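Residue numbers (the numbering used here): 1 to 376.
Don't be surprised by glycine CBs; every beta carbon is placed ideally from N, CA and C.
Fair warning: this is a prediction, and the values are worked out from it, not measured in the lab.
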Amino acid sequence: MVSGWWKDTTEGGFMMTNSVITRGNPAVSHCAFTFDDGPMRIPVDAWLDALEQGGARGTFFLTGEWFDRYPAKAREMLARGHELTTHTYHHRRMADVTKAVFFEELKLAELSYQEATGRPVPTFMRFPYASYREENLEWLREWNYLVVEGEDTVDWSGPPSAQLVERVIPKLVNGSIFMFHANEIAKETPQAVKSLVHHTHAKGLAVVPVSELLHADGIRAGERSWQVRFKPTLQGSFHSEQWKRVAGEDELRKLAADSLEWGNPKAPTGPGAYSKWLQTLSMQVQSDDETRFVVRSFAGQHWAYARASVRGGALVLEDFATKEAHADALVYVLQWAAHEASTLGCEWITSTQDMRRIHKLCEQLGFEAEIVWQEG
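So, in structure tokens, the structure goes:
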């Protein structure tokens, strides 16, 4: 899914130069705390706690590598009210790369975001090191992107928290956007943020996500979704007897209990997890022929489930999970989908889940496959 938004002017208070936003509307009593990178070796919780103790929400510009390593934490951060978007995949100096590498970095970052969160990707980002050329901004417009910069707090140099607080306080004004880091160098930043949030309260400022600053000036964040699609090709043996529709309350309860033990990233955790998960799965059971909710069973155990529907002549894999985490377990789901699509006369099978793994497996299985923008 691709949606665009644009405002190449300085109207309404936003300071914007050639699609780069540096601050919000000075007539509105709010500001944004933003954080780059994503820590790889230490928990991000210190930054989250510093914000939340003062009721603030941050915007995190995270690398694709971080999303791939910490998908569960990404979903948790979103659930806690913070905003996440991209910061390229490998944290490259984008002013130094070719156009092909430039778009590869964007695409990989978007795929990692979508696979980690299950959500479309916001189309605003920040360049690592603020490294970009005018030509890079022209390339970004091809994908309907804006760049968000702001006040550089220089926490990338690892200053003491007191020094960081002293540097930022005079700049705490309406519409300000602050660029912090969430990484191994900026270890003092959480303590500084905790203090700075209290200072924003004293000045009557709310700390809000970047998208809220944009919205206050009439700019709605765009978003994009990707999908993998492949043509159903029947190869090798397919054990159709192992797959059956989920039918009846007992079957559903067993599937809920079993799949909860798989460590399914979509399943809830904590108190009441089983009841919540059972309710989620119950909503997926449909009686019409256009939606199929099936389970793979043998040796007295459930090994996978899949839910698919037919839309626009394609079999859409809405959801699936396997007991075993390795990629080969996914082959059985793809084989079921290919068999089902062939039976239904569908030209394509599509999915927005596990896109890169599916694409690689399709190559190995000899299926024609591609990863493309999701239209509509």
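Would GLY55 pass as an interface residue toward chain D - the criterion being a Cβ-Cβ separation below 7 Å?
No chain D appears in this structure, which consists of one protein chain only.
Buried or exposed: which applies to HIS239, given that a residue is buried once 16 or more other Cβ atoms fall within 10 Å of its Cβ?
Along the sequence shown, one-based indexing puts residue 239 at 239. Around the C-beta of HIS239, fewer than 16 other C-beta atoms lie within 10 Å, and the residue is accordingly described as exposed.
MET283 - DSSP class collapsed to helix/strand/coil:
Residue mapping note: residue 283 aligns to position 283 of the sequence shown, counting from 1. Looking at MET283 - three-state DSSP - the assignment turns out to be helix.
Along the chain, which unbroken stretches of the beta strand (DSSP E) at least 3 residues long are found entirely within the stretch 202–246?
Listed in chain order, the complete beta strand (DSSP E) runs (minimum 3 residues) inside the stretch 202–246 are 226–230, 243–245.
Paired residues, beta bridge with ILE169 - DSSP:
Locating residue 169 in the sequence shown gives position 169, counting from the first residue. Bridge partners of ILE169: none, in fact.
Taking ARG23 as part of the beta strand (DSSP E), name the residues at either end of that continuous run.
Counted from its first residue, the sequence shown places residue 23 at position 23. Where ARG23 is concerned, the enclosing beta strand (DSSP E) stretches over 20–23.
Cβ neighbours of ALA403 in the same chain (closer than 7 Å, five flanking residues each side left out)
Residue 403 lies beyond the stretch modelled for the chain, which goes from 1 to 376, so this question has no answer here.
Taking the beta strand (DSSP E) that ASP354 falls in, what are its first and last residues?
To locate residue 354, count along the sequence shown from 1; it is residue 354. Looking at the DSSP string, ASP354 is not in any beta strand (DSSP E), and its letter there is neither H nor E.
Under the three-state DSSP convention, the category THR10 falls into
Numbered from its first residue, the sequence shown carries residue 10 at position 10. Per-residue confidence for THR10 stands at a pLDDT of 42, beneath the threshold of 50, marking its modelled position as unreliable; the derived number appears in the next sentence. In the displayed model, THR10 falls within coil according to three-state DSSP, outside both helix and strand.
What separation, rounded to the nearest whole angstrom, lies between the Cα atoms of THR85 and GLY300?
Within the sequence shown, residue 85 is the residue found at index 85, counting from 1. Within the sequence shown, residue 300 is the residue found at index 300, counting from 1. Roughly 43 Å between the two C-alpha positions.
When LEU260, ALA109, LYS203, ALA329 are compared against MET125, the one with the closest alpha-carbon
In the sequence shown, residue 125 corresponds to position 125, counting from 1. For MET125, the nearest C-alpha among the options comes from ALA109.
Going by DSSP, what residues sit across from GLU370 in a beta bridge?
Start at 1 with the first residue of the sequence shown, and residue 370 comes out as number 370. According to DSSP, GLU370 bridges with ARG229.
Excluding five sequence neighbours on each side, which residues of the same chain lie with their C-beta closer than 7 Å to the C-beta of SER287?
Working through the sequence shown from its first residue, we reach residue 287 at position 287. Residue placement at SER287 is poorly supported in this model, since its pLDDT is 49, which falls under 50; the coordinates still yield a value, given next. Excluding sequence neighbours, SER287 sits near nothing in its chain.
For a quick check, are the C-beta atoms of LEU281 and LEU252 less than 7 Å apart?
Translated into positions along the sequence shown, residue 281 becomes position 281. Translated into positions along the sequence shown, residue 252 becomes position 252. Yes, these two residues count as a Cβ contact at 7 Å.
Going by C-alpha to C-alpha distance, which of GLN353, CYS346, LEU164 sits closest to PRO71?
Along the sequence shown, one-based indexing puts residue 71 at 71. PRO71 has its Cα closest to that of GLN353, out of GLN353, CYS346, LEU164.
With H, G and I counted as helix, E and B as strand and the rest as coil, what does DSSP make of ARG311?
The residue you call residue 311 lines up with position 311 of the sequence shown. Correct three-state label for ARG311: strand.
With distances taken between CB atoms, is the gap from THR350 to ALA304 smaller than 7 Å?
Residue mapping note: residue 350 aligns to position 350 of the sequence shown, counting from 1. Residue mapping note: residue 304 aligns to position 304 of the sequence shown, counting from 1. Cβ distance not < 7 Å, so THR350 and ALA304 don't count as in contact.
Quick one, which of GLU212, LYS276, ARG296 has its alpha-carbon nearest VAL246's?
Residue 246 sits at position 246 when you count from the first residue of the sequence shown. Looking from the CA of VAL246, the closest CA among GLU212, LYS276, ARG296 belongs to ARG296.
Indicate whether the contact test is met: 3 or more Cβ pairs, each with one atom in the stretch 46–53 and one in the stretch 109–123, closer than 8 Å.
With the cut-off at 8 Å, the stretch 46–53 and the stretch 109–123 do not touch.
Since I believe LYS203 is in contact with LEU172 (beta carbons under 8 Å), could you give me their beta-carbon distance rounded to a whole number of angstroms?
By one-based count along the sequence shown, residue 172 stands at place 172. By one-based count along the sequence shown, residue 203 stands at place 203. Sure, about 6 Å apart at Cβ, within 8 Å.
When you compare only the Cα positions, how much space is there between LYS266 and LEU137?
Within the sequence shown, residue 266 is the residue found at index 266, counting from 1. Within the sequence shown, residue 137 is the residue found at index 137, counting from 1. Roughly 36 Å between the two C-alpha positions.
Do you know how far the Cα of VAL333 is from the Cα of ALA369?
As a first step, residue 369 is located in the sequence shown; it is residue number 369 there, counting from the start. As a first step, residue 333 is located in the sequence shown; it is residue number 333 there, counting from the start. Put simply, the backbone Cα of ALA369 is about 15 Å away from that of VAL333.
Sort SER19, ALA100, THR59, TYR132 by Cα distance to LYS144 and report the nearest one.
Mapped onto the sequence shown, residue 144 falls at position 144. In the sequence as presented, Lys is not what sits at residue 144; that position holds Asn. Nearest option by C-alpha distance: SER19.
Is it buried or exposed, TRP277, if we count other Cβ atoms within 10 angstroms and call 16 or more buried?
Sequence index remark: in the sequence shown, residue 277 carries index 277 (1-based). In summary, TRP277 is buried, with 16 or more beta-carbon neighbours lying within 10 Å of its beta-carbon over all protein chains present.
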